[in-house]
Ligand SMILES: O=C(O)CCC(=O)C(=O)O
Ligand SMILES: [Fe+2]
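Numbering (the working numbering), first residue to last: 182 to 506.
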């Protein structure tokens, strides 16, 4: 498991967050610029690990920073029940770390159609959530590569935990293509490689139409032949019946076989390599008592897969949807 325990650096890390503006959303560009400077002052152990992950990734497809100093439970606000967060909400430790660590990796990006185009997302359970939503709880949130159907798909999904679920049942699952590929035969790989498959999109990108169908095309495997990238979504990918569907089923099984689970606990920050993995979340039971599971999420783009096409992008930019075709 790719875990870096940063507990010994807590004092230094906390002092970095104290130099960030107190109200992130008032001037998010300014907040993320300040974070960029602070990202140059991370302990070497942390910055070196982040830089190496950013350059070459790893086998697991994720990196977990553990032991970040989250607020004591009695100082944390209650878990949100609505989105987006109020502009005046004060800086939270885990949001501060998402800023600094995210800026070490690349550029925070908002997606205009998603969560009112905000950059920071609260992830919390909601009664009656749509089955594809991160607000689900009692049901499995199935494997997805985040926005695999979006031309400007994020390179990283960062999830930081302020509260775990009461019973600590919720597991975030990551399936890595570097591991899964070894379980696939040549024929299956050939069938999946550079082969566009019909793909539906998440509700936010459907333009208010209930079922626009498979409006995107996604390649399950693409990029470097020896070390391919992955586009896989168990709910949205709709391969043609026959050989394509059979190959996707084999890929799906291989991803299940290599899946690793992480129980996110307060002070954890999970970096998911979104071009080489698919992720999911197992069911858990909310109590609706203000202390339910609470994660903070940001999306990071880098130029490694051409996700910064203009060269003039800034951390905090909000971009619009073009489906992969
Ligand atoms: O709740 C989790 O652990 C993951 C949810 C998820 O897939 C996401 O927020 O992108
Ligand atoms: Fe996700």
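Note that the Cβ used here is the ideal one computed from N, Cα and C, for glycine as well.
Residue i versus the options, residue with shortest Cα-Cα distance
i: residue 202; options: 462, 212, 196, 221; result: 212
i: residue 321; options: 416, 379, 281, 341; result: 416
i: residue 471; options: 255, 363, 501, 445; result: 255
i: residue 285; options: 257, 239, 261, 223; result: 223
i: residue 306; options: 347, 330, 300, 276; result: 347
i: residue 370; options: 352, 391, 477, 400; result: 400
i: residue 207; options: 267, 344, 263, 230; result: 267
Burial state of residue i (16 or more Cβ within 10 Å)
i: residue 355; result: buried
i: residue 237; result: exposed
i: residue 218; result: exposed
i: residue 473; result: buried
i: residue 378; result: buried
i: residue 462; result: buried
i: residue 251; result: buried
i: residue 276; result: buried
i: residue 475; result: buried
i: residue 280; result: buried
Closer than 7 Å: residue i CB and nearest ligand 1 heavy atom
i: residue 353; result: yes
i: residue 359; result: no
i: residue 478; result: yes
i: residue 304; result: yes
i: residue 450; result: no
Nonlocal neighbours in the same chain, by C-beta distance under 7 Å from residue i, ignoring five residues either side
i: residue 313; result: 383, 384, 416
i: residue 315; result: 304, 322
i: residue 427; result: none
Own chain partners of residue i with C-beta closer than 8 Å, once the 5 adjacent residues on each side are dropped
i: residue 438; result: 361, 364
6 Å CB neighbourhood of residue i in its chain, flanking five on each side removed
i: residue 501; result: 293
i: residue 504; result: 330, 396, 397
Proximity test, residue i beta-carbon vs ligand 2 heavy atom, cut-off 7 Å
i: residue 338; result: yes
i: residue 190; result: no
CB contact check: residue i to chain B, cutoff 8 Å
i: residue 221; result: Included in the structure is just one protein chain, with no chain B present.
Inter-stretch contact at 8 Å, needing at least 3 Cβ pairs: the stretch 480 to 499 / the stretch 335 to 346 | yes
How do the stretch 244 to 262 and the stretch 183 to 197 stand: do at least 3 beta-carbon pairs fall below 8 Å, yes or no?
-> yes
Is it true that the stretch 277 to 291 meets the stretch 488 to 505, where meeting means three or more beta-carbon pairs spaced less than 8 Å apart?
-> By the Cβ test, the stretch 277 to 291 is in contact with the stretch 488 to 505, since at least three Cβ pairs between them sit closer than 8 Å.
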